[in-house]
Amino acid sequence: MKELKIYARAGQGAITSAAILGQALFLEGKYAYAFPNFGAARMGAPMNAFLRFDNKPVRAHCQVYSPDYVVIIEPALTKVLDCFKGLKEEGIVVINIRKGEELPCLDKQRVVGISAEEIALETIGKPFANTPLLGAFAKATGQIKLESMLKAIEMHFSDKKEILEKNLEAARKGYEAVNETAI
Amino acid sequence: MKRFLEGSRGVAEAIRLCKPGVISAYPITPQTHIVEDLAQFVADGELKTEFVNVESEHSAASVVLGALATGVRAFTATSSQGLLLMGEVIYNIAGMRLPLVLTCANRAVSAPISIWNDHQDSLAMRDTGWIQLYAENNQEALDFHIQAYKLAENKEIMLPVMVCMDGYILTHGYEPVDIPEQKKVDQFLPPYNTSYKLDPSHPITMGHLAEPSCYMETRVDIQNALNRALEMIPQIAKEFGTVFERNSGGLVESYRLEDAQYVLVAKGSLAGTIKEVVDNLRKKGKKVGMLRIITYRPLPVEAIYQALKNIPNVGIVEKAISLGAFGPLFTEIKAIFQNKKGNPKISGFVAGLGGRDITRETVERIFSKIEKRQMDLEFIDVKQERLNEFVRF
Chain A
410 MKELKIYARA GQGAITSAAI LGQALFLEGK YAYAFPNFGA ARMGAPMNAF
460 LRFDNKPVRA HCQVYSPDYV VIIEPALTKV LDCFKGLKEE GIVVINIRKG
510 EELPCLDKQR VVGISAEEIA LETIGKPFAN TPLLGAFAKA TGQIKLESML
560 KAIEMHFSDK KEILEKNLEA ARKGYEAVNE TAI
Chain B
24 MKRFLEGSRG VAEAIRLCKP GVISAYPITP QTHIVEDLAQ FVADGELKTE
74 FVNVESEHSA ASVVLGALAT GVRAFTATSS QGLLLMGEVI YNIAGMRLPL
124 VLTCANRAVS APISIWNDHQ DSLAMRDTGW IQLYAENNQE ALDFHIQAYK
174 LAENKEIMLP VMVCMDGYIL THGYEPVDIP EQKKVDQFLP PYNTSYKLDP
224 SHPITMGHLA EPSCYMETRV DIQNALNRAL EMIPQIAKEF GTVFERNSGG
274 LVESYRLEDA QYVLVAKGSL AGTIKEVVDN LRKKGKKVGM LRIITYRPLP
324 VEAIYQALKN IPNVGIVEKA ISLGAFGPLF TEIKAIFQNK KGNPKISGFV
374 AGLGGRDITR ETVERIFSKI EKRQMDLEFI DVKQERLNEF VRF
């Protein structure tokens, strides 16, 4: 079983990301449970989404405290929260890095940073860093095939065809960006 | 077809398959997505039902009461304060013997306001004559609604069913769910057909005055129907299994109880977390198990007795408290063993109120607690320093 914790502000697409990742894993025949933890409908407030996945049905319905993976959509949260708390030693962090900002330095775990917001602005035209991060997650962790991820994104945007292509492109670019920045 | 869906969407899909003639609801977190999805189905022409927008939950409950009184299948969903506001109508629906199916997206009650999960809202409706089923996961939440209509509308029962699912944890959680085919649902659940309805050509009155000479019998009749439901629920689960080829429903679920020495009893999504802990502790040689209460009303007294009679140490973990007394399920399970052979040491734990997460470590800690002395009530994961900060009046 693997566990993922996503850090974001409400409105940045953390729940959507967890749901799309779960969908992609489901398409590959895995079991997943994606769920949010947030406050009372307040845009901009720090929140988490979680994903737990396995080759057998996922039963635990508690939150994630010792993640295998951490995805950080809003990098500013690393300044106010311990986003790496409980991260397993062999864990991986996938983070959105803004211009002029440095990659967080961890003792043991691998940190993969991509300019997700820039990619999103180039492709989608809006700073939805979560979509490029989905591609980056697939590449950095090797847990999901890019094709499954793209298919899951397609399913999510099935009734919003006009922005589908842009989001697919954003995810692809996020996937490719890991090559250039990987340690 | 298997899909990866939000729990609320799964329930909406189940309701679409059950084809209610009337849906009425008032939005309240965390139930809202269910009726939003249903409203979308209606707007898209995928569900032919009268969707009645109302100004409060009291009205929503009254609308579905009225629909059922005219012999039409109906649905509503709510949470927390919404369910409490429905309260007066909730009693009426059971008393008038109307087979409503309602989703309770379980949420804590005010004050203070909490939008997060516990079971206090549905527990407040425990004594109303409604049947209450608690889902562990989203597949069950979906399945239970289909079974609920069949149960509620059975001529031997004719009582409303509340399908309880944990708010956020299930309603906003995405899991793989199998959505049955319409023709199988049609085979399992025939259209609602009753001669007990408001019909100008055969006028009757429902919910009229009952003098002391006859009121009490109406209560006994509900009690008898609920006792019959204890027989009916496993039969319906079995039939469901035959038609849909999966196990779902029933009264209780025993998990690794064979040689268990330490057993926790729980309802809802918490049971999934406990199962995982049971497996982990079993690997370490601990003889632990779990009993899950699926049907909470009617209380499956005999099934609980049979499951627990040979277990020496039992802990009841519940997300509700009868303030001033104990956890409600603890009290009831203790009562089952009064004057019976086999007498487990039964302890009561109240956890997860207002959405406080019940972690795997918490569950392990509760397992270790029942190895020690018996206690009637212990609150789990309470912050003493916060209690000390509270202003005294």
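Heads up: the sequence lines are chains A and B, in that order. To get the numbering used here, take the position in the first sequence, counting from 1, and add 409. To get the numbering used here, take the position in the second sequence, counting from 1, and add 23. Quick reminder that beta carbons are idealized off the backbone N, C-alpha and C, glycines included. In this text, all values refer to a predicted model and were calculated from it rather than measured experimentally.
For residue 276(B), tell me which candidate among 341(B), 323(B), 191(B), 227(B) has the shortest Cα-Cα distance. The shortest C-alpha separation from residue 276(B) is found at 323(B).
Go ahead and label residue 238(B) buried or exposed: buried means 16 or more other beta carbons lie within 10 angstroms of its beta carbon, across all protein chains shown. With fewer than 16 other Cβ atoms within 10 Å, it is exposed.
Would you kindly work out how many angstroms separate the C-alpha atoms of residue 182(B) and residue 393(B), rounded to a whole number? Their backbone Cα atoms lie some 37 Å apart in a straight line.
Taking only runs of the alpha helix (DSSP H) that begin and end inside the segment 170–252 of chain B, which ones reach a length of at least 4 residues, in chain order? The alpha helix (DSSP H) runs lying completely inside the segment 170–252 of chain B and spanning 4 residues or more are 205–211, given in chain order.
Mapping DSSP to helix, strand and coil, what is residue 312(B)? In this structure, residue 312(B) counts as strand in the three-state DSSP scheme.
Interface residues of chain A around residue 383(B) at Cβ under 7 Å? The answer, in chain order, is 469, 471.
Within 7 Å, strictly: CB atoms of residue 142(B) and residue 342(B): Yes, Cβ-Cβ distance for residue 142(B) and residue 342(B) is below 7 Å.
Cβ neighbours of residue 590(A) in the same chain (closer than 7 Å, five flanking residues each side left out): Summary for residue 590(A): the model assigns pLDDT 49, below 50, so the residue's position carries little reliability; its value from the coordinates is reported in the next sentence. Within the same chain, residue 590(A) has close Cβ partners 521, 522, 523.
For residue 432(A), would you say it is in contact with chain B, using Cβ-to-Cβ distances shorter than 7 Å as the test? Interface residue, yes.
So with Cβ pairs under 7 Å, would you call residue 445(A) a contact of chain B? For residue 445(A), the answer is yes, since a Cβ of chain B falls inside 7 Å of its Cβ.
Residue burial classification, residue 224(B) (beta-carbon count within 10 angstroms, cutoff 16): The residue is exposed, with fewer than 16 neighbouring Cβ atoms inside 10 Å.
Return no unless some Cβ of chain A is closer than 7 Å to the Cβ of residue 197(B). Chain A, which has a Cβ nearer than 7 Å to the Cβ of residue 197(B), makes this yes.
Would you mind working out which of 151(B), 212(B), 162(B) sits nearest residue 184(B), comparing C-alpha positions? With distances taken between CA atoms, residue 184(B) lies nearest to 151(B) out of 151(B), 212(B), 162(B).
Could you name the residues of the same chain whose beta carbon sits closer than 7 Å to that of residue 592(A), not counting the 5 residues immediately before and after it, in chain order? With a pLDDT of 46 at residue 592(A), under the threshold of 50, the modelled position of that residue is not reliable, and the figure given next carries that caveat. For residue 592(A), where only same-chain residues beyond five positions count, the Cβ hits under 7 Å are 519.
Ordered along the chain, which non-local residues of its own chain (more than five positions away) have a Cβ less than 6 Å from that of residue 96(B)? The answer, listed in chain order, is 43, 44, 215.
Which same chain residues end up closer than 8 Å to residue 383(B) when comparing Cβ atoms and leaving out the 5 residues on each side of it in sequence? 296, 299, 300, 303, listed in sequence order.
Inspect the CB distances between the segment 33–52 of chain B and the segment 75–86 of chain B and report whether three or more fall short of 8 Å. Between the segment 33–52 of chain B and the segment 75–86 of chain B there are three or more inter-stretch CB-CB distances shorter than 8 Å, so the stretches are counted as touching.
Simplified DSSP state of residue 489(A), which is helix, strand or coil: DSSP, read as helix, strand or coil, puts residue 489(A) in helix.
Quick one: measure Cβ to Cβ for residue 293(B) and residue 470(A), integer angstroms, because I've assumed they're closer than 8 Å. The Cβ separation is near 7 Å, so the contact holds.
Could you give the first and the last residue of the continuous alpha helix (DSSP H) run that contains residue 91(B)? Per DSSP, residue 91(B) is one residue of the alpha helix (DSSP H) stretching across 80–92.
Any chance you could list the alpha helix (DSSP H) runs of at least 4 consecutive residues sitting entirely within the segment 90–161 of chain B, in chain order? For the segment 90–161 of chain B, whole alpha helix (DSSP H) runs of length 4 or above, ordered along the chain, are 103–118, 143–146.
How long is the line joining the alpha carbons of residue 119(B) and residue 229(B), rounded to whole angstroms? Cα-Cα distance, rounded: 6 Å.
I'd like to know whether the C-beta atoms of residue 412(A) and residue 476(A) end up nearer to each other than 7 Å. Taking 7 Å as the Cβ cut-off, residue 412(A) and residue 476(A) qualify as a contacting pair.
Would you kindly work out how many angstroms separate the C-alpha atoms of residue 411(B) and residue 400(B), rounded to a whole number? The alpha-carbon atoms of residue 411(B) and residue 400(B) are separated by roughly 20 Å.
Of all Cβ atoms in chain A, is any one closer than 7 Å to the Cβ of residue 73(B)? Chain A contact via Cβ: absent.
Residue 566(A) touches chain B at which residues, Cβ-Cβ below 9 Å? Result: empty, since nearest Cβ-Cβ is about 15 Å, beyond 9 Å.
Span of the beta strand (DSSP E) holding residue 373(B)? Start and end: 368–373.
Suppose contacts are defined by Cβ-Cβ distances below 7 Å. Is residue 421(A) in contact with residue 561(A) by that definition? Going by C-beta atoms, residue 421(A) is not nearer than 7 Å to residue 561(A).
Does the segment 535–547 of chain A come within contact of the segment 480–492 of chain A, defined as at least 3 CB pairs closer than 8 Å? Enough Cβ pairs lie closer than 8 Å, so yes.
So is residue 587(A) buried or exposed if we call it buried at 16+ other beta carbons inside 10 Å? Residue 587(A) should be labelled buried.
Please identify the residue among 391(B), 306(B), 39(B), 198(B) whose C-alpha is closest to the C-alpha of residue 337(B). The residue among 391(B), 306(B), 39(B), 198(B) with its C-alpha nearest the C-alpha of residue 337(B) is 391(B).
How is the alpha helix (DSSP H) around residue 60(B) delimited, first residue to last? Its alpha helix (DSSP H) spans residues 55–66.
Partners in chain B for residue 435(A), counting only beta-carbon separations shorter than 7 Å: Neighbourhood of residue 435(A) in chain B, by CB distance below 7 Å: 27, 199, in chain order.
Rounded straight-line distance, which links the Cα of residue 532(A) to that of residue 158(B): When rounded, the distance between both Cα atoms is 42 Å.
I want to check one thing, is the minimum distance from the CB of residue 356(B) to the heavy atoms of the ligand SAH below 6 Å? Questions concerning the ligand SAH fall outside what the structure shown contains, since it holds no ligand whatsoever.
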